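Novice: Residue numbers (my numbering): 687 to 844.
Quick one: the structure is below, questions incoming.
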Amino acid sequence: MSNPQASGRPGLKAGRSNEFTLILPLKPGGAERLRKKMGDTYKAQDQSDTDRIGTIHDMRFVIFDNDTRLFFASTFDGDWDAYINDFGTIIPDVIDFQFGECEGYPGIHSPNIKDYIVKHQVTATHFYSAYPNASVRDVWKALKIKGGIDVVLDEATA
(Lines of atoms letter the chains of each structure in order from A and count residues from 1; the text may use other names and numbers.)
(Lines give C-alpha, C1' and ligand atoms only; values in the text may rest on other atoms or scores of the structure.)
Protein backbone atom coordinates (compact mmCIF):
# COMPACT_ATOMS: atom_id res chain seq x y z
CA MET A 1 0.00 0.00 0.00
CA SER A 2 1.47 3.36 -0.92
CA ASN A 3 1.19 6.79 0.61
CA PRO A 4 -1.73 8.76 -0.89
CA GLN A 5 0.18 12.04 -0.66
CA ALA A 6 2.94 10.71 -2.94
CA SER A 7 0.61 11.15 -5.95
CA GLY A 8 -0.80 14.45 -4.70
CA ARG A 9 -4.34 13.01 -4.62
CA PRO A 10 -6.32 11.30 -1.84
CA GLY A 11 -6.72 7.53 -1.73
CA LEU A 12 -4.56 4.51 -1.06
CA LYS A 13 -2.95 2.37 -3.75
CA ALA A 14 -2.16 -1.35 -3.79
CA GLY A 15 -0.20 -2.31 -6.89
CA ARG A 16 -2.19 -0.95 -9.84
CA SER A 17 -5.42 -0.68 -7.82
CA ASN A 18 -6.61 2.51 -6.09
CA GLU A 19 -9.34 2.98 -3.54
CA PHE A 20 -11.70 5.93 -3.96
CA THR A 21 -14.22 7.03 -1.33
CA LEU A 22 -16.52 10.06 -1.34
CA ILE A 23 -18.85 11.18 1.43
CA LEU A 24 -21.19 13.84 0.10
CA PRO A 25 -24.04 15.85 1.62
CA LEU A 26 -27.38 15.36 -0.10
CA LYS A 27 -29.84 18.11 -0.96
CA PRO A 28 -33.07 18.16 1.07
CA GLY A 29 -35.21 15.34 -0.35
CA GLY A 30 -32.22 14.18 -2.42
CA ALA A 31 -32.08 10.71 -0.87
CA GLU A 32 -35.61 9.86 -1.93
CA ARG A 33 -35.10 11.30 -5.43
CA LEU A 34 -31.79 9.45 -5.81
CA ARG A 35 -33.32 6.14 -4.68
CA LYS A 36 -36.12 6.59 -7.21
CA LYS A 37 -33.73 7.58 -10.02
CA MET A 38 -31.38 4.69 -9.30
CA GLY A 39 -34.21 2.19 -8.86
CA ASP A 40 -35.98 3.26 -12.04
CA THR A 41 -32.84 3.37 -14.15
CA TYR A 42 -30.40 0.68 -13.08
CA LYS A 43 -30.62 -3.07 -13.16
CA ALA A 44 -27.99 -5.27 -11.52
CA GLN A 45 -27.12 -6.79 -14.89
CA ASP A 46 -26.80 -3.49 -16.78
CA GLN A 47 -23.21 -2.41 -16.31
CA SER A 48 -22.51 -1.33 -19.88
CA ASP A 49 -21.99 2.37 -19.09
CA THR A 50 -19.43 1.66 -16.39
CA ASP A 51 -17.79 -1.10 -18.44
CA ARG A 52 -17.02 1.48 -21.15
CA ILE A 53 -14.52 3.11 -18.80
CA GLY A 54 -12.66 -0.20 -18.45
CA THR A 55 -10.74 0.63 -15.27
CA ILE A 56 -13.38 0.26 -12.55
CA HIS A 57 -13.22 -2.97 -10.53
CA ASP A 58 -16.24 -2.18 -8.36
CA MET A 59 -18.34 0.69 -7.08
CA ARG A 60 -21.19 1.25 -4.68
CA PHE A 61 -23.56 3.99 -3.54
CA VAL A 62 -24.93 4.06 0.01
CA ILE A 63 -27.36 6.64 1.38
CA PHE A 64 -26.89 7.00 5.12
CA ASP A 65 -27.02 9.31 8.15
CA ASN A 66 -30.82 9.66 8.11
CA ASP A 67 -30.86 10.25 4.35
CA THR A 68 -28.54 13.27 4.56
CA ARG A 69 -25.33 11.87 3.05
CA LEU A 70 -24.14 9.72 0.17
CA PHE A 71 -21.23 7.30 0.38
CA PHE A 72 -19.65 6.41 -2.95
CA ALA A 73 -16.72 3.99 -3.12
CA SER A 74 -14.88 2.35 -5.96
CA THR A 75 -11.66 0.57 -6.84
CA PHE A 76 -9.97 1.60 -10.07
CA ASP A 77 -6.81 1.09 -12.12
CA GLY A 78 -4.34 3.81 -12.92
CA ASP A 79 -4.07 7.51 -12.23
CA TRP A 80 -6.59 9.53 -10.20
CA ASP A 81 -6.81 12.37 -12.71
CA ALA A 82 -7.33 9.96 -15.62
CA TYR A 83 -10.09 8.22 -13.62
CA ILE A 84 -11.97 11.48 -13.10
CA ASN A 85 -11.33 12.58 -16.69
CA ASP A 86 -12.79 9.30 -17.97
CA PHE A 87 -16.05 10.04 -16.18
CA GLY A 88 -16.21 13.43 -17.90
CA THR A 89 -15.40 12.14 -21.37
CA ILE A 90 -16.96 8.65 -21.45
CA ILE A 91 -20.08 8.83 -19.26
CA PRO A 92 -20.68 12.48 -18.27
CA ASP A 93 -24.49 12.27 -18.36
CA VAL A 94 -24.45 9.20 -16.10
CA ILE A 95 -22.19 10.93 -13.57
CA ASP A 96 -24.28 14.11 -13.51
CA PHE A 97 -27.40 11.94 -13.11
CA GLN A 98 -25.84 9.99 -10.20
CA PHE A 99 -24.40 12.94 -8.30
CA GLY A 100 -26.93 15.65 -9.17
CA GLU A 101 -28.68 15.25 -5.81
CA CYS A 102 -25.50 16.16 -3.89
CA GLU A 103 -25.17 19.61 -2.32
CA GLY A 104 -22.91 21.89 -4.30
CA TYR A 105 -22.24 19.37 -7.08
CA PRO A 106 -20.92 21.57 -9.91
CA GLY A 107 -21.31 19.05 -12.76
CA ILE A 108 -18.65 16.81 -14.24
CA HIS A 109 -17.62 19.42 -16.85
CA SER A 110 -17.12 22.19 -14.31
CA PRO A 111 -13.55 23.46 -13.96
CA ASN A 112 -14.11 23.05 -10.20
CA ILE A 113 -15.09 19.36 -10.29
CA LYS A 114 -11.73 17.99 -9.12
CA ASP A 115 -11.60 20.47 -6.22
CA TYR A 116 -15.15 19.45 -5.26
CA ILE A 117 -14.18 15.77 -5.36
CA VAL A 118 -11.00 16.26 -3.30
CA LYS A 119 -12.99 18.27 -0.73
CA HIS A 120 -15.31 15.29 -0.21
CA GLN A 121 -12.88 12.42 -0.76
CA VAL A 122 -11.82 10.43 2.30
CA THR A 123 -8.71 8.26 2.25
CA ALA A 124 -9.31 4.77 3.61
CA THR A 125 -7.57 3.72 6.79
CA HIS A 126 -6.64 0.45 5.09
CA PHE A 127 -7.09 -0.85 1.55
CA TYR A 128 -6.86 -4.46 0.38
CA SER A 129 -7.00 -5.78 -3.15
CA ALA A 130 -7.04 -9.53 -3.83
CA TYR A 131 -5.30 -8.96 -7.17
CA PRO A 132 -3.46 -5.62 -6.90
CA ASN A 133 -1.42 -6.04 -10.07
CA ALA A 134 -4.24 -7.25 -12.34
CA SER A 135 -6.14 -4.54 -14.18
CA VAL A 136 -9.82 -4.81 -15.06
CA ARG A 137 -8.82 -5.53 -18.65
CA ASP A 138 -6.42 -8.28 -17.44
CA VAL A 139 -9.28 -9.91 -15.54
CA TRP A 140 -11.63 -9.66 -18.55
CA LYS A 141 -8.95 -11.23 -20.77
CA ALA A 142 -8.30 -14.04 -18.28
CA LEU A 143 -12.03 -14.80 -18.08
CA LYS A 144 -12.24 -14.95 -21.87
CA ILE A 145 -9.33 -17.37 -21.98
CA LYS A 146 -10.90 -19.46 -19.23
CA GLY A 147 -14.16 -19.57 -21.19
CA GLY A 148 -12.34 -20.88 -24.25
CA ILE A 149 -10.49 -23.49 -22.24
CA ASP A 150 -13.76 -24.57 -20.58
CA VAL A 151 -15.30 -25.17 -24.01
CA VAL A 152 -12.34 -27.30 -25.11
CA LEU A 153 -12.37 -29.29 -21.86
CA ASP A 154 -16.15 -29.78 -22.02
CA GLU A 155 -15.87 -31.10 -25.59
CA ALA A 156 -13.01 -33.41 -24.61
CA THR A 157 -15.02 -34.97 -21.79
CA ALA A 158 -18.32 -35.21 -23.69
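All C-beta atoms, glycine included, are put in the ideal place defined by N, C-alpha and C.
If you're wondering where the values come from, they're calculated on a predicted model, not measured in any experiment.
1) Considering only C-alpha positions, which residue in the set 765, 772 and 735 is nearest to residue 694?
2) Going by Cα to Cα distance, which pick from 751, 807, 748 and 840 is closest to residue 704?
3) Pairs of beta-carbons, one from the region 778-791 and one from the region 808-823, closer than 8 Å: are there three or more?
4) Entirely within the region 728-813 and at least 4 residues each: give me those alpha helix (DSSP H) ranges in chain order.
5) How would you label residue 837, buried or exposed, when you count the other beta carbons within 10 angstroms and need 16 or more for buried?
6) Under the three-state reduction of DSSP, which class applies to residue 844: helix, strand or coil?
7) Looking at the unbroken beta strand (DSSP E) that takes in residue 711, where does it start and where does it end?
8) Excluding the five sequence neighbours on either side, which residues of its own chain have a C-beta within less than 8 Å of the C-beta of residue 774, listed in chain order?
9) Is DSSP giving residue 831 helix, strand or coil here?
10) Assuming residue 758 and residue 747 form a contact by the criterion Cβ under 8 Å, report the distance between their Cβ atoms to the nearest whole angstrom.
11) Apart from the five residues just before and just after residue 708, which ones in its own chain have a Cβ nearer than 8 Å to its Cβ?
12) What number of angstroms, rounded off, separates the C-alpha of residue 769 from the C-alpha of residue 844?
13) Which word fits residue 772, buried or exposed, when buried means at least 16 other C-beta atoms lie within 10 angstroms of its C-beta?
14) With distance defined between alpha-carbon atoms, name the residue in 829, 816 and 824 nearest to residue 700.
15) With DSSP as the reference, identify every bridge partner of residue 700, one or two as the case may be.
16) Grouping DSSP H, G and I as helix and E and B as strand, with all else coil, what is residue 839?
17) With a threshold of 6 Å on Cβ separation, who are the neighbours of residue 720 within its own chain once the five nearest residues in sequence on each side are excluded?
Specialist: Here's the rundown:
1) 765
2) 807
3) no
4) 734-737, 766-776, 778-785 and 799-806
5) exposed
6) coil
7) 703-711
8) 781, 794, 795 and 799
9) helix
10) 5 Å
11) 756, 757, 758, 759, 803, 806, 807 and 808
12) 45 Å
13) buried
14) 816
15) 703
16) helix
17) 787
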